[in-house]
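Let me begin by presenting the structure, written as structure tokens, before commenting on it.
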Amino acid sequence: MRFGSSKQKNVPASSKNFHILNNQGQELWIAEDASSLTCCYGTFKVNIKDLSNTQIILLKSGFNCCLEKLEVYASDSLFIGTAQEINSIVFPKFSVLDQHGKKLFQIKQKGMCGANLFQITKLSNNEVIGNIQIIFNYVYEYEVKNAMSIRFPLNLEVDEKALLIGASFLVGLEKFLS
2 MRFGSSKQKN VPASSKNFHI LNNQGQELWI AEDASSLTCC YGTFKVNIKD
52 LSNTQIILLK SGFNCCLEKL EVYASDSLFI GTAQEINSIV FPKFSVLDQH
102 GKKLFQIKQK GMCGANLFQI TKLSNNEVIG NIQIIFNYVY EYEVKNAMSI
152 RFPLNLEVDE KALLIGASFL VGLEKFLS
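For what it's worth, the numbering used here labels the leading residue of the sequence shown as 2, then goes sequentially.
This is how it looks when you write it as structure tokens:
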């Protein structure tokens, strides 16, 4: 999947939106940034909707200069888990937890400081299953944008896929803010 920032015609000009594409470049969903951030405080909120404008995933968190934990919901009310940053001096690391707090995945930066590739490891068998890549200056609809790409197996549970999509927003936000 690939995420690219853009503006939609039917969304207010102050909103930032992201197109979520499959690996063939076809648009699957639109993620609308509905955050209310002032300076370093506020609420981080992203509504991920299908092309018929039905909300399928909600990402939200309180915000205090460093977004360290992101809650992931199916639709608007079913809590399915969290993605959170793990304090690390050398490389950024993130954990993905289910609704009971069980760690499912670990995401860590691959390479030296400033690298744009993050490896996803499934903790049940310690297997690398995919990655998140930050892509600067990606061309989408004739405009240069920043983008993210996430790869994971299709046979994951639906909740696991939603959690990894949420985690990719946390990783991307962390990378774009740094």
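From the three backbone atoms N, C-alpha and C, an ideal C-beta is built for every residue, glycine too.
Which of the three DSSP states, helix, strand or coil, is assigned to residue 89?
Position 88 of the sequence shown holds residue 89. Looking at residue 89 - three-state DSSP - the assignment turns out to be coil, as it is neither helix nor strand.
For residue 129, which of 154, 136, 112 has the nearest alpha-carbon?
The residue you call residue 129 lines up with position 128 of the sequence shown. Selected option, being the one with the closest Cα: 154.
Backbone CA spacing between residue 34 and residue 18 [nearest angstrom]:
Within the sequence shown, numbered from 1, the residue matching residue 34 stands at position 33. Within the sequence shown, numbered from 1, the residue matching residue 18 stands at position 17. Each residue's Cα considered, the two are about 6 Å apart.
What number of angstroms, rounded off, separates the C-alpha of residue 148 from the C-alpha of residue 89?
Taking the first residue of the sequence shown as position 1, residue 148 is located at position 147. Taking the first residue of the sequence shown as position 1, residue 89 is located at position 88. So the two alpha carbons sit approximately 24 Å from each other.
Classify residue 180 as buried or exposed, calling it buried when 16 or more other Cβ atoms lie within 10 Å of its own Cβ.
Absent from the model: residue 180. The displayed extent of the chain is 2 to 179, so no value can be given.
In the DSSP assignment, the beta strand (DSSP E) including residue 122 goes from what residue to what residue?
Against the sequence shown, residue 122 aligns to sequence position 121. Where residue 122 is concerned, the enclosing beta strand (DSSP E) stretches over 118-123.
Quick check on DSSP: helix, strand or coil for residue 169?
Position 168 of the sequence shown, counted from the start, is the residue given in the question as residue 169. It is helical.
DSSP three-state call for residue 158: helix, strand or coil?
As a first step, residue 158 is located in the sequence shown; it is residue number 157 there, counting from the start. Coil at residue 158, not helix or strand.
Take residue 151 as the anchor and find which of 51, 160, 172, 82 has the nearest alpha-carbon.
As a working note, residue 151 is residue 150 in the sequence shown. Closest by alpha carbon: 172.
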